[in-house]
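Engineer:
Number of protein chains: 2
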Amino acid sequence: MTEHRFLRALRREPVDCTPVWIMRQAGRYLPEYRATRARAGSFVNLCKTPELACEVTLQPIARYRLDAAILFSDILTIPDAMGLGLTVNEGEGPRFARTVNSRADIEALGVPDPETDLRYVMDAVRLIRRELHERVPLIGFAGSPWTLACYMIEGQGSSSFARPKALAWDDAATMHRLLDVVARSVARYLAAQAAAGAQALMLFDTWGGLLPPDLFREFSLRYMTQIAQMLQSDNVARTLPLILFSKGANGHLEALADTGCAALGLDWTIGLAEARARVGSRVALQGNIDPAVLLARPETIRAEVGKTLDSFGPHPGHVFNLGHGITPEIDPAHLGVLIDAVHDLSARRT
Amino acid sequence: MTEHRFLRALRREPVDCTPVWIMRQAGRYLPEYRATRARAGSFVNLCKTPELACEVTLQPIARYRLDAAILFSDILTIPDAMGLGLTVNEGEGPRFARTVNSRADIEALGVPDPETDLRYVMDAVRLIRRELHERVPLIGFAGSPWTLACYMIEGQGSSSFARPKALAWDDAATMHRLLDVVARSVARYLAAQAAAGAQALMLFDTWGGLLPPDLFREFSLRYMTQIAQMLQSDNVARTLPLILFSKGANGHLEALADTGCAALGLDWTIGLAEARARVGSRVALQGNIDPAVLLARPETIRAEVGKTLDSFGPHPGHVFNLGHGITPEIDPAHLGVLIDAVHDLSARRT
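Residue numbers (our numbering), protein chains in the order written: chain A, 453 to 802; chain B, 453 to 802.
#1: Taking 8 Å as the threshold (beta carbon to beta carbon), is Trp621(A) in contact with chain B?
#2: Along the region 604–618 of chain A, what residues have a CB closer than 8 Å to any CB found in chain B?
#3: Run through the region 736–789 of chain A for me and flag every whole beta strand (DSSP E) of 3 or more residues, listed as ranges in chain order.
#4: Can you tell me where the beta strand (DSSP E) with Val540(B) in it begins and where it stops?
#5: From the DSSP output, in three-state form, read off Pro466(A) for me.
#6: Within 8 Å of any Cβ in chain A, is that where the Cβ of Leu787(B) sits?
#7: Is the region 632–650 of chain A in contact with the region 586–593 of chain A, if contact means three or more CB pairs nearer than 8 Å?
#8: Give the list of continuous alpha helix (DSSP H) stretches no shorter than 4 residues that lie fully inside the region 489–555 of chain B.
#9: In chain A, what lies closer than 7 Å to Gly703(B) by C-beta?
#10: Count Cβ pairs between the region 506–522 of chain B and the region 468–479 of chain B that sit closer than 8 Å; are there 3 or more?
#11: In its own chain, which residues sit with a C-beta less than 8 Å from the C-beta of Arg491(A), not counting the 5 before and 5 after it?
#12: With 8 Å set as the bound, which would you pick, yes or no: does the beta-carbon of Asp742(B) sit closer than that to a beta-carbon of chain A?
#13: From the DSSP output, in three-state form, read off Ile698(A) for me.
#14: From the DSSP output, which residues share a beta bridge with Gln608(B)?
#15: Give, in chain order, every residue of the region 541–559 of chain B whose Cβ lies closer than 9 Å to some Cβ of chain A.
#16: Opposite Gly717(A) in the DSSP bridges: which residues?
#17: Helix or strand or just coil, what does DSSP make of Ala680(A)?
#18: Could you work out which residues of chain A lie near Pro768(B), taking near to mean beta carbons separated by less than 7 Å?
#19: Would you mind sorting Asp532(A) into buried or exposed? The rule is 16 or more other CB atoms within 10 Å of its CB.
#20: By the DSSP assignment, the beta strand (DSSP E) with Ala652(A) in it spans what residues?
#21: Check the Cβ-Cβ distances between Arg457(A) and every residue of chain B, and say whether any is below 8 Å.
#22: Mind checking which residues open and close the alpha helix (DSSP H) that includes Leu642(A)?
#23: My understanding is that Ala680(B) touches Thr711(B), with C-beta atoms under 8 Å, so please give their C-beta distance in whole angstroms.
#24: Can you tell me where the beta strand (DSSP E) holding Leu590(B) begins and where it ends?
#25: Using DSSP with H/G/I as helix, E/B as strand and the rest coil, what is Val472(A)?
#26: For Tyr675(A), collect the residues of the same chain with a Cβ closer than 6 Å to its Cβ; drop the 5 residues on either side in sequence, then sort them by chain order.
#27: Measuring straight from C-alpha to C-alpha, what distance separates Tyr572(B) and Glu586(B)?
#28: Figure out for me which residue from Gln477(A), Gly545(A) and Glu484(A) has the closest Cα to the Cα of Ile522(A).
#29: Between Glu706(B) and chain A, is there a C-beta pair that is closer than 8 Å?
#30: Hey, out of Gly758(B), Phe764(B) and Asp742(B), whose CA is closest to Ser733(B)'s CA?
#31: Could you tell me whether the Cβ of Leu482(A) comes closer than 8 Å to any Cβ of chain B?
#32: What are the start and end residues of the alpha helix (DSSP H) that includes Leu724(A)?
#33: Excluding five sequence neighbours on each side, which residues of the same chain lie with their C-beta closer than 7 Å to the C-beta of Arg640(A)?
#34: Any beta carbon from chain A within less than 8 Å of Leu747(B)'s own beta carbon?
#35: Establish whether the CB of Thr677(B) and some CB of chain A are separated by less than 8 Å.
#36: Below 7 Å on C-beta distance, what does Pro664(A) contact in chain B?
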């Protein structure tokens with residue numbers, strides 16, 4: 453079969469219309485998601501039960517004309533598999549039973565074996581891939597080493613992640629040791645998702661943008677580059693496009709484009725025209741309409757989709773997405789308006 | 453008397469050493485602040501009682517070798533004076549009893565008279581100025597129109613401020629009407645602080661950085677420019693340096709430097725060398741060490757202060773500060789290390 457427009461766009465090949473998927477498209481804004489989530493009992497149980505993870509992954513695919521599915525899971529599965537004990541309570545966010553506080557804690561961490569320690573994720577990938585029947589490609593994903601280290605040290609979310617930063621400043625060698633074992637774990641995990649059937653891979657650097665520039669380069673960018681290189685030495689994963697999303701790190705776009713990734717995810721605080729001018733055509737761009745636009749009226753959503761498409765311009769290599777995850781209070785009909793507008797308005801222009 | 457190094461640096465004149473002050477320097481990390489705050493009963497009462505506001509403003513000046521005092525107040529005094537009813541509960545953040553929901557709500561808003569509706573602020577400025585005995589200059593401040601509008605519409609803090617954004621997209625004319633009355637109120641309020649004795653003025657655009665670039669220019673930047681122009685037509689305020697701090701808006705530095713302000717406040721996610729390369733010497737720069745550095749060890753703090761000073765380089769026009777407000781969990785001794793390092797290391801270089 454001809455490759456799907458999502459994969460073609462990531463390779464910067466011509467497409468019939470701009471492909472679109474939505475970060476957190478399987479999520480709380482959908483009543484069918486909330487129903488499955490209630491049956492699962494807990495968020496973590498939803499992630500850990502392949503049949504339920506598959507069910508919610510497919511829900512937005514059934515409802516909308518989306519161009520990609522993304523594995524329903526969480527970026528914190530790796531630290532959980534390392535023994536930190538993840539729980540996620542509604543409204544509270546993720547929390548680890550154990551945190552990483554010392555060199556000894558870090559030296560005790562091993563690289564999880566994806567097919568045993570994270571078997572439930574691999575089973576979910578295989579099941580989703582089967583149930584998708586090639587309708588759309590499946591994206592696998594992981595969190596960036598810096599982002600995972602933030603949670604492993606703080607034990608939960610934080611507005612500043614000051615403790616991991618303090619460790620990076622005070623004892624860089626220890627922080628590098630942590631990031632190294634996490635980076636090797638992430639690379640192995642992504643390669644295993646590729647072997648299990650994922651057709652594109654994405655790395656979420658949710659908290660890299662909180663770092664000062666020198667720390668970003670040393671503690672976040674460096675390990676994403678390392679992962680991209682490790683994936684290049686894997687027979688399956690090397691054939692998959694890698695998307696890098698470093699939220700709030702627009703000051704580093706050129707360096708991010710040089711990591712070896714196929715595409716950069718962009719948040720909504722930079723224009724696509726500017727981003728494209730800075731990185732040229734060496735990577736595809738994914739994004740980047742403000743998620744808040746989904747609270748606006750349908751005609752506004754359509755107009756803003758048009759502006760976003762225009763700002764990228766008539767070049768190959770654009771995957772439409774929000775600039776961040778869709779939020780729970782959105783009317784699902786509004787997302788339909790957005791998705792249809794992307795296809796409709798981009799098809800007219802080609 | 454010779455003008456203080458803080459004011460000289462804002463005018464990009466040579467100084468004996470780099471001046472330093474700290475955003476939220478009168479705050480919860482100080483035990484003496486917590487004691488006064490407890491006596492005040494509520495945060496709003498602390499702001500509204502000139503003697504108590506003066507007391508906490510002077511506390512960090514007594515403890516540290518700071519180069520400026522900043523009025524203890526809140527950016528939400530203006531909407532409160534417009535009748536929205538501000539309360540601030542510990543841990544919860546600010547909340548308004550009434551929000552702005554319609555064109556009619558907006559048309560009912562008037563520009564507060566600083567000497568009657570915000571008399572407590574003007575009295576605090578006069579009292580602080582008297583009690584300072586010219587030791588250091590006093591900074592007055594206000595929130596940017598976009599930032600105030602965010603709270604006036606949401607009624608409280610938000611991670612995305614999606615409702616004000618939706619209004620800006622759906623009904624730009626109504627949003628402009630709101631921003632116009634708020635901008636005129638802010639300009640009048642800042643001019644009144646200048647008349648009451650403030651020696652520099654600062655505008656906090658806390659939430660401008662959440663906007664997509666086109667909305668930033670239309671709904672945040674435009675009104676800050678308008679305020680800078682209005683202050684230029686005031687006999688007293690025109691003689692005071694205006695500092696603009698638009699957090700997370702590093703993509704717009706050049707435009708911010710063209711508003712007519714004397715200095716730009718910078719968050720910690722951009723290097724001072726890069727910022728200076730982009731805006732040249734047409735404005736002074738204020739900032740921008742990561743507030744999290746205060747959790748690191750004293751020797752680390754000193755080293756990072758040195759790097760920050762080095763990144764600005766041997767030019768006039770640097771006011772040292774954190775890249776955001778100091779956080780409550782900081783050891784006050786660590787702030788002393790930072791302040792002393794700024795003076796010590798910068799004096800050695802000149």
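The beta carbon of each residue, even a glycine, is placed where N, CA and C say it ideally should be.
This structure is a prediction, so every number in the text was calculated from the model and none was measured.
Structural biologist: This is what the structure gives:
#1: Here residue 621(A) is taken as the residue at index 169 of the first sequence, counted from 1. Interface criterion met: the Cβ of Trp621(A) is under 8 Å from a Cβ in chain B.
#2: Those residues of the region 604–618 of chain A that come within reach of chain B (Cβ to Cβ, closer than 8 Å) are Ser612, Phe613, Ala614, Arg615, Lys617 and Ala618.
#3: Segments of the beta strand (DSSP E) lying fully in the region 736–789 of chain A: 736–741 and 770–774.
#4: Position 88 of the second sequence, counted from the start, is the residue given in the question as residue 540(B). If you look at Val540(B), you'll find it in the beta strand (DSSP E) that goes Leu538 to Asn541.
#5: By one-based count along the first sequence, residue 466(A) stands at place 14. The answer is coil: DSSP assigns Pro466(A) none of H, G, I, E or B.
#6: By one-based count along the second sequence, residue 787(B) stands at place 335. Leu787(B) is outside the set of residues whose beta carbon lies under 8 Å from a beta carbon in chain A.
#7: In the pairwise beta carbon analysis, the region 632–650 of chain A is classified as touching the region 586–593 of chain A: at least three pairs are separated by under 8 Å.
#8: For the region 489–555 of chain B, whole alpha helix (DSSP H) runs of length 4 or above, ordered along the chain, are 495–500 and 502–515.
#9: Numbered from its first residue, the second sequence carries residue 703(B) at position 251. The answer, in chain order, is Asn702, Thr721 and Ile722.
#10: The region 506–522 of chain B makes contact with the region 468–479 of chain B, as at least three CB pairs between them are under 8 Å.
#11: Residue mapping note: residue 491(A) aligns to position 39 of the first sequence, counting from 1. Excluding positions up to five away in sequence, the list reads Leu504.
#12: The count along the second sequence starts at 1 and reaches residue 742(B) at position 290. Closer than 8 Å to some Cβ of chain A, the Cβ of Asp742(B) qualifies, so yes.
#13: Residue 698(A) sits at position 246 when you count from the first residue of the first sequence. Note that residue 698(A) corresponds to Ser in the displayed sequence, not to Ile. In the structure shown, Ser698(A) sits in a strand (DSSP, three-state: E or B).
#14: Residue numbering aside, residue 608(B) sits at position 156 when the second sequence is read from its first letter. Its beta-bridge partners are Arg547(B).
#15: Taking 9 Å as the Cβ-Cβ cut-off against chain A, none of the residues of the region 541–559 of chain B qualify.
#16: For this step, residue 717(A) is matched to residue 265 along the first sequence. In the DSSP secondary-structure assignment, Gly717(A) is bridged to Phe697(A) and Gln738(A).
#17: As a first step, residue 680(A) is located in the first sequence; it is residue number 228 there, counting from the start. Correct three-state label for Ala680(A): helix.
#18: Working through the second sequence from its first residue, we reach residue 768(B) at position 316. The contacting residues do not exist; Pro768(B) stays about 23 Å from chain A at best.
#19: Here residue 532(A) refers to the residue found at position 80 of the first sequence. Looking at its Cβ environment, which holds 16 or more other Cβ atoms inside 10 Å, Asp532(A) is buried.
#20: Against the first sequence, residue 652(A) aligns to sequence position 200. Segment Ala652 to Asp657, the beta strand (DSSP E) holding Ala652(A).
#21: In the first sequence, the residue the question calls residue 457(A) occupies position 5. No, because no Cβ of chain B sits closer than 8 Å to the Cβ of Arg457(A).
#22: Position 190 of the first sequence, counted from the start, is the residue given in the question as residue 642(A). Taken as a continuous stretch (DSSP letters only), the alpha helix (DSSP H) holding Leu642(A) covers Ala624 to Ala648.
#23: Residue mapping note: residue 680(B) aligns to position 228 of the second sequence, counting from 1. Residue mapping note: residue 711(B) aligns to position 259 of the second sequence, counting from 1. Contact between Ala680(B) and Thr711(B) holds, with the beta-carbon distance rounding to 5 Å and staying under 8 Å.
#24: As a first step, residue 590(B) is located in the second sequence; it is residue number 138 there, counting from the start. Unbroken beta strand (DSSP E) run through Leu590(B): Leu590 to Gly595.
#25: As a position in the first sequence, residue 472(A) is number 20, starting the count at 1. In the three-state DSSP reduction, Val472(A) falls in the strand class (E or B).
#26: The residue you call residue 675(A) lines up with position 223 of the first sequence. For Tyr675(A), same chain residues with a beta-carbon under 6 Å away, outside a window of 5 residues either side, are Pro597, Leu631 and Ala635 in chain order.
#27: Along the second sequence, read from residue 1 onward, the residue named residue 572(B) stands at position 120. Along the second sequence, read from residue 1 onward, the residue named residue 586(B) stands at position 134. The alpha-carbon atoms of Tyr572(B) and Glu586(B) are separated by roughly 22 Å.
#28: The count along the first sequence starts at 1 and reaches residue 522(A) at position 70. It is Gln477(A) whose Cα lies nearest to the Cα of Ile522(A).
#29: Here residue 706(B) is taken as the residue at index 254 of the second sequence, counted from 1. Chain A contact via Cβ: absent.
#30: Position 281 of the second sequence holds residue 733(B). Looking only at Gly758(B), Phe764(B) and Asp742(B), the smallest Cα-Cα distance to Ser733(B) is reached by Phe764(B).
#31: Mapped onto the first sequence, residue 482(A) falls at position 30. Not closer than 8 Å to any Cβ of chain B, the Cβ of Leu482(A) fails to qualify, so no.
#32: If you number the first sequence from 1, residue 724(A) lands on position 272. That run of the alpha helix (DSSP H) goes Leu724 to Val731.
#33: On the first sequence, residue 640(A) is found 188 positions in, with the first residue counted as 1. Cβ neighbours of Arg640(A) within its own chain (closer than 7 Å, five residues either side excluded): Val563 and Pro566.
#34: The residue you call residue 747(B) lines up with position 295 of the second sequence. It does; some Cβ of chain A falls within 8 Å.
#35: Within the second sequence, numbered from 1, the residue matching residue 677(B) stands at position 225. With 8 Å as the cut-off, Thr677(B) does not count as an interface residue toward chain A.
#36: Counting from 1 along the first sequence, the entry for residue 664(A) is found at position 212. Residues of chain B whose Cβ lies closer than 7 Å to the Cβ of Pro664(A) are, in chain order, Trp720, Thr721 and Asp742.
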